[in-house]
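*Asks:* Before I ask anything, here is the structure I am working with.
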Amino acid sequence: MDFQFSDEQKMFQESVRRLSLKHFAPKAFTWETGSGGSYPWENAKILAENGLMGMRLPEEEGGQGASLMDCVIAIMEITKVCPHTGDVFQAGNFGAIQQVAFLGNEKLKKSVLPKLLAGETIITAAMSEPNAGSAVTDLRTTARFEGDHVVINGSKIFNSNGDSAGYFCVWCRFGTGVASSGAVIVPADAPGFSRGKTEHHLSGEHHCMLYFDECRVPKECVLMSEQGFKKLMSVFNVERMGNASRSLAVAELAYEKSLQYVKERKQFDRPLCEFQGIQWKLADMKLRIEQARWLLYKAVVEADRGLPSALDSSLAKLACNEASEFVCREAIQIHGGYGLSKEYPLAYLYARARGWVIAGGTVEMLRNRIAVEILGRNFDQRPPKPPVVKE
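Mapping of the sequence shown onto the numbering used here: position 25 corresponds to residue 742, and the numbering continues sequentially without gaps.
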C-alpha cells in the first residue's frame, strides 16, 4: 500500500500551508480566549473562498469532488497553524455536513448546503445526551411524524460550537429499539428549540445544551428515520478521520516546538538535546507520531478506494488520540515551567489533545469496537440491571 503523496497533493499541501500562515497564524491560539471567546467566522469565509469547504462533495452540489486524503492533508496543515480554524474545516468537511450531502433529500440539500459551503453558518452533530452519553443505542430524544412535520422532544449535551451553529443534525428515535434510530436536521430558529448557556471545555472550546420541546420542523428535514442507524454510522466513521487528523497535527506541532526548544535551550552550558533523557523522550514522541500516521493513512486510503472500515477508522482515531495526548504531555515536561506558561501554546495543545480522547468516541469505546471487529461478534457492554426486590 503506497502512502506517498502525489506531486499534485504535495503542491496542494504547500498551498494550504501558505494560506494558513498568511491568514490564520496572526490570530492563532486567541480565538478561545478573551471575554468568552468567539467563532472564527472570518476564517470560515477564507476557507470557503479558497474551495476548502465541502471538498469531498460532488461538484454539482458545490464541492470539489476531492478525495478523503486531500481533506486530511488540508486539515492537518490548517490545524498545525491554528487548531481552532482546524475545527472550522472539520465542520465544513468531516462533520454533519457529510450526512446532509450523502443522506439528505434534494430539497434539504438545496436549502442547507449553500450556506454551509459559503462559510455563512455551520452544522453540528447533536448526539450526546445527559443520560446516554454518545450511546446511540440508548438515545432518549424522540421524533414522531405529524402530518407534514416531525416533532422532536429531548435534550442534547456537550454540543460543540452549538452556540454558533445555524443547523443541528439531531440523532433521535422514531420508535423503540436500535432499528428506530435516525436523524433530523433542525434549524436554529425552529419553533420549540432552545439553547442553554455557553459553556467552555478545558481548552476554551465552546459547547452548550440543546433543548427540544415539541420542536416542529418540516418532514423534509428528516435525514433518516427508522433503519437509519448503520447508514448514519458509516458517515460518522469518516468524521472520526477529521478528529484523528487534528489530533495528529497537534502532536506534530508540539513535537516540532520541542525539537526547536531542546536545540536552543542550554543547561549546564550544554543544549538540552545532548542529554540522553531528553533524547529518549524525543524518540518516543516520534515513534508515537509515526505509528499513528500510518494507521490514519491506511484508514483514509482504504476509504478512498471505496472500502471504508470501522476497524481501520477506530484504530486510526485511537492511535492518533493517544499519541497526541502522550506527545503533548511530554512536550510540557521537556519545557518544564515554560510548558505551563501562556507564552507557549503547549498547555493549550495538551487540553485539545485530551479533549479528543473523549470527543467523537472515547478511547475505551474504540477498544470495544476494535474487539467486536477482530472477534467477529457483538458484546453487550451495559451493566446488568439490578434485581427487582419484592416487598
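Don't be surprised by glycine CBs; every beta carbon is placed ideally from N, CA and C.
These numbers were taken from a predicted model, which means no experiment stands behind them.
1. Find the nearest neighbour of asparagine 870 within the set Asp906, Asp930 and Leu825, judged by alpha-carbon distance.
2. Could you tell me which uninterrupted beta strand (DSSP E) segments, each at least 3 residues in length, are contained entirely in the region 816-886, listed from first to last along the chain?
3. Note down the Cα distance separating leucine 1063 from alanine 961, rounded to an integer number of angstroms.
4. Where are the beta strand (DSSP E) runs, 3 residues long or more, that stay fully inside the region 879-927, in chain order?
5. Less than 8 Å separating the beta-carbons of alanine 860 and valine 901?
6. Which residue comes first and which comes last in the beta strand (DSSP E) that contains leucine 940?
7. How far does the alpha helix (DSSP H) with cysteine 990 in it reach, from first residue to last?
8. Just mark threonine 854 as buried or exposed, buried being the case when its beta carbon has 16 or more other beta carbons within 10 Å.
9. Thinking C-beta only, is valine 789 closer than 8 Å to valine 1017?
10. In chain order, what residues of the same chain lie with their CB nearer than 6 Å to the CB of isoleucine 995, ignoring the 5 residues before and after it?
11. How would you write the range of the alpha helix (DSSP H) that asparagine 1095 sits in, first residue to last?
12. Does the distance from the C-beta atom of alanine 842 to that of leucine 774 stay below 8 Å?
13. What does a CB cutoff of less than 7 Å around phenylalanine 1122 pick up in its chain, not counting 5 residues either side in sequence?
14. Using only the alpha-carbon positions, how far apart do valine 1106 and cysteine 889 sit?
15. Using the three-state DSSP reduction, which class does arginine 773 fall into: helix, strand or coil?
16. For leucine 1055, does the count of other Cβ atoms within 10 angstroms reach 16, so buried, or fall short, so exposed?
17. Using the three-state DSSP reduction, which class does lysine 1107 fall into: helix, strand or coil?
*Replies:* On the basis of the data shown:
1. Comparing Cα positions, the closest option is Asp930.
2. 840-843, 859-863 and 866-877
3. Between leucine 1063 and alanine 961, the C-alpha separation is close to 19 Å.
4. Scanning the region 879-927 from its first residue to its last, the whole beta strand (DSSP E) runs of 3-plus residues come out as 884-890, 898-904 and 910-912.
5. Yes, Cβ-Cβ distance for alanine 860 and valine 901 is below 8 Å.
6. 939-941
7. Counting along the chain, cysteine 990 falls outside any alpha helix (DSSP H), and DSSP gives it neither H nor E.
8. Exposed, since its Cβ has fewer than 16 Cβ neighbours within 10 Å.
9. Closer than 8 Å, so yes.
10. Within the same chain, isoleucine 995 has close Cβ partners Val979 and Leu989.
11. Careful: asparagine 1095 lies outside any alpha helix (DSSP H) and carries neither H nor E.
12. With contacts defined as CB atoms closer than 8 Å, alanine 842 and leucine 774 fail to qualify as a contacting pair.
13. For residue 1122 there is no data in the structure shown, the boundaries of the chain being 718 and 1108.
14. 33 Å
15. coil
16. The sequence shown places tyrosine at residue 1055, not leucine. Its Cβ having fewer than 16 others within 10 Å, tyrosine 1055 is exposed.
17. coil
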